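Participant:
Numbering (my numbering), first residue to last: 1 to 170.
1) Is residue 75 helix, strand or coil when you go by DSSP?
2) Rounded to the nearest angstrom, what separates residue 48 and residue 137 at their Cα positions?
3) Under 8 Å, do residue 158 and residue 45 count as touching if we go by C-beta distance?
4) Which residues share a DSSP beta bridge with residue 85?
5) Which whole-angstrom value is the C-beta distance of residue 19 and residue 42, which I expect to be below 8 Å?
6) Where residue 4 and residue 99 are concerned, what is the direct C-alpha to C-alpha distance, given to the nearest angstrom?
7) Going by alpha carbons, who is nearest to residue 16 out of 51, 28, 80?
8) Should residue 129 be labelled buried (16 or more other beta-carbon atoms within 10 Å of its own) or exposed?
9) Taking only three categories from DSSP, how would you classify residue 55?
10) Tell me the rounded alpha-carbon separation between residue 191 and residue 77.
11) If contacts are defined as beta-carbon pairs under 8 Å, then residue 94 and residue 101 qualify, I think. What distance do you get, rounded to the angstrom?
12) Would you call the segment 4-14 in contact with the segment 24-40, where contact means no fewer than 3 C-beta pairs closer than 8 Å?
13) Buried or exposed: residue 148, going by 16 or more other Cβ atoms within 10 Å of its Cβ?
14) Enumerate in chain order the residues of its own chain whose CB-to-CB distance from residue 92 is below 6 Å, with the five nearest sequence positions on each side excluded.
15) Under three-state DSSP, which class holds residue 40?
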């Protein structure tokens with residue numbers, strides 16, 4: 001992200017020539033006071049908001065990220081501060097939502113469960129694929145959100161204030 005500016009209609013400047021370069025395999029943290037523009041910058045990268053000016057490059061190519069759909073197609077995933085889960089669905093159903101594993105046009109529950117178990121194991125997480133999300137703790141829901149992004153094979157993962165929903169012990 002190069003020279004990213006975001007000026008809202010009311011004149012508030014959220015980002016003023018922000019620059020961040022992230023290389024494959026790196027982990028970065030944006031730190032700053034409330035209102036410093038961290039979340040705005042991440043929303044721009046994920047297509048929730050459009051920059052007033054500036055450029056975004058993915059793997060050296062300039063891109064226009066007009067929506068989260070475009071971000072996903074570019075390999076960008078986001079774990080939201082406010083979870084985007086459906087409480088009435090199971091862990092497995094939430095994780096594959098939009099990328100369902102089907103057989104004869106119906107959700108293949110066995111293969112979906114196996115996929116989620118394998119994914120969770122690969123990343124050292126424990127989840128019950130058959131549990132309804134509404135029954136989960138905040139920490140468990142956050143794991144499901146992370147697994148959702150990993151299931152989409154995101155190459156860039158944005159964690160928007162990942163500790164905001166956790167207690168001091170967690």
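Think of the CB as a built atom: it goes at the ideal place given N, C-alpha and C, for glycine as much as any other residue. Note that the structure is a prediction, hence the values are computed from the model and not measured.
Facilitator: Answer, in terms of the structure:
1) In the structure shown, residue 75 sits in coil (DSSP, three-state: anything other than H, G, I, E or B).
2) 27 Å
3) Yes; because the gap between Cβ atoms is below 8 Å, this pair is in contact.
4) Beta-bridge pairing links residue 85 to no other residue.
5) 14 Å between Cβ atoms; not a contact.
6) 32 Å
7) 51
8) buried
9) strand
10) Because residue 191 is not part of the residues shown, which for the chain are 1 to 170, the question remains open.
11) Contact doesn't hold; Cβ gap of about 13 Å is too wide.
12) yes
13) Within 10 angstroms of the beta-carbon of residue 148 lie 16 or more other beta-carbons, which makes it buried.
14) 112, 113, 116, 129
15) helix
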